[in-house]
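Asker:
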Amino acid sequence: MGLKKSFSKDKTKCTVTFTVSAQAAQGAKQINIAGDFNSWSSTNTPMNLEKDGSFSVKLELDANREYQFRYLLDNSKWENDWNADKYVPAPYSNADNSVVETFVK
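Residues in the sequence shown are numbered consecutively from 62, following our numbering.
(1) In chain order, what residues of the same chain have a beta carbon less than 7 Å from the beta carbon of Ala83, not counting five sequence neighbours either side?
(2) Give the single residue among Thr73, Ala124 and Val161 whose Cα lies nearest to the Cα of Gly63.
(3) For the candidate residues Lys66, Gly96, Asp71 and Ser67, whose alpha-carbon lies nearest to that of Leu133?
(4) To the nearest angstrom, report how far apart Val77 and Asn158 are at their CA atoms.
(5) Starting from Ala95 and walking both ways along the beta strand (DSSP E), at which residues does that stretch end?
(6) In chain order, what residues of the same chain have a beta carbon less than 7 Å from the beta carbon of Asn105, not counting five sequence neighbours either side?
(7) Closest to Glu140 by C-alpha separation, out of Tyr153, Lys166, Phe130 and Glu111, would be which residue?
(8) Measure the CB-CB distance between Leu120 and Phe79 and report whether it falls below 8 Å.
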């Protein structure tokens with residue numbers, strides 16, 4: 062898993078590429094990403110299956126914010142990003158959420 066970030070020239074937007082490796086996908090047929098950026102919809106942001114078995118999606122987010130998120134594998138299993146910027150306790154479950162930070166350095 063991993064997060065790749067690039068900022069717009071004016072530093073107001075951050076394009077984040079979210080990737081779930083083939084190993085982390087555990088043979089999943091589909092993966093959706095849910096988080097603060099899509100009102101925690103488990104269906105609005107499907108990830109693309111790559112030729113190597115990994116999944117990825119690019120999202121343009123506002124810069125200088127933190128976004129909580131998780132991956133949903135095959136509509137049944139929630140996973141965190143192994144390389145998230147940090148983790149915070151989820152307010153509605155006994156688990157943690159991944160966090161991506163889009164702060165301009």
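Backbone N, C-alpha and C define an ideal beta-carbon position, used for all residues, glycine too. Owing to the predicted nature of the structure, the values given are computational and were not obtained by experimental measurement.
Answerer: According to the data block:
(1) As a first step, residue 83 must be located in the sequence shown, where it is residue number 22. Once the five neighbours on either side are set aside, the close Cβ partners of Ala83 are Asp113, Gly114 and Ser115.
(2) The sequence position of residue 63 within the sequence shown is 2, counting from 1. For the residues Thr73, Ala124 and Val161, the minimum Cα distance to Gly63 belongs to Val161.
(3) The residue you call residue 133 lines up with position 72 of the sequence shown. Checking every option, the nearest Cα to that of Leu133 belongs to Gly96.
(4) What you label residue 77 is simply residue 16 of the sequence shown in a count that begins at 1. What you label residue 158 is simply residue 97 of the sequence shown in a count that begins at 1. Roughly 17 Å between the two C-alpha positions.
(5) On the sequence shown, residue 95 is found 34 positions in, with the first residue counted as 1. Unbroken beta strand (DSSP E) run through Ala95: Ile92 to Gly96.
(6) Your numbering for residue 105 matches position 44 in the sequence shown. Within the same chain, Asn105 has close Cβ partners Asn99.
(7) If you number the sequence shown from 1, residue 140 lands on position 79. Measuring from the Cα of Glu140, the nearest candidate turns out to be Phe130.
(8) Translated into positions along the sequence shown, residue 120 becomes position 59. Translated into positions along the sequence shown, residue 79 becomes position 18. The answer is yes: Cβ separation under 8 Å.
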